[in-house]
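Data block below; observations after.
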Amino acid sequence: RALLIDYGYVRPEGADTLQALKAHAHVDPLEAPGAADLTAHVDFARVAHLAQQAGLAVHGPVTQASFLRGLGVEFRAEALARANPEHAERLARELRRLTHPEEMGALFKVICLSSPKLPPPAGF
């Protein structure tokens, strides 16, 4: 199986998604070549299409929030918070960051590519 988790889209957005990041801030990609990290959003629909053409089973893409909830992330965070009350607030913040649609929950997508002989993976 191959599990891909990244930020991207399912339908083409019609715009270039090239971004440059330097010191955790967006900068002009041409401002200082070599001094910023360049990145672009993944076209998950294209990944799925190519995988299907290659004979692979495709599960997803789904949002990161949906995937993590399908794996029981909220129950796990709750159990960790009960066992470690001093970390409960931090766990709640981190869970929100990973699953909230205005943070990483909707921007990040998850897709699994596998042999068609394998059962569906957890989280989908």
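For the sequence shown, position 23 matches number 13 in the numbering used here, and the numbering has no gaps at all. Note that beta-carbon positions come from the ideal geometry of N, C-alpha and C, so glycine has one too. All values derive from a computational prediction rather than experimental measurement.
{"Asked": "Considering only the alpha carbon of each residue, which of Leu20, His14, Pro51 and Val0 lies closest to Leu8?", "Found": "Leu20"}
{"Asked": "So Asp(-4) and Lys99 are supposed to be a Cβ contact under 8 Å. How far apart are they, rounded?", "Found": "7 Å"}
{"Asked": "Do Ala112 and Leu61 come within 8 Å of each other at the CB atom, strictly closer than that value?", "Found": "yes"}
{"Asked": "Got a sec? Which residues, its chain only, sit under 7 Å from Val48 by beta carbon, not counting five neighbours each side?", "Found": "Ala38, Ala41, Gln42, Ile101 and Leu103"}
{"Asked": "Starting from Val63, trace the beta strand (DSSP E) both ways and give me its first and last residue.", "Found": "From DSSP, Val63 is part of no beta strand (DSSP E) but of the alpha helix (DSSP H) over Val63 to Ala73."}
{"Asked": "Whole angstroms are fine: how far does the CA of Leu(-6) sit from the CA of Asp33?", "Found": "12 Å"}
{"Asked": "With a CB to CB cut of under 7 Å and the five nearest residues on each side skipped, what residues in its chain are close to Ala78?", "Found": "Ala71"}
{"Asked": "Hey, could you find the ends of the beta strand (DSSP E) His39 is sitting in?", "Found": "Per DSSP, His39 belongs to no beta strand (DSSP E); it is in the alpha helix (DSSP H), Phe34 to Gln43."}
{"Asked": "Please identify the residue among Gly(-2), Ala(-8) and Arg(-9) whose C-alpha is closest to the C-alpha of Ala96.", "Found": "Gly(-2)"}
{"Asked": "Within 10 angstroms of its Cβ, does Pro109 collect 16 or more other Cβ (buried), or is it exposed?", "Found": "exposed"}
{"Asked": "Tell me which residues share the same chain as Arg87 and place their Cβ nearer than 7 Å to its Cβ, disregarding the 5 neighbours each side in the sequence.", "Found": "Glu93 and Met94"}
{"Asked": "Quick check on Gly60: does DSSP put it in helix, strand or coil?", "Found": "helix"}
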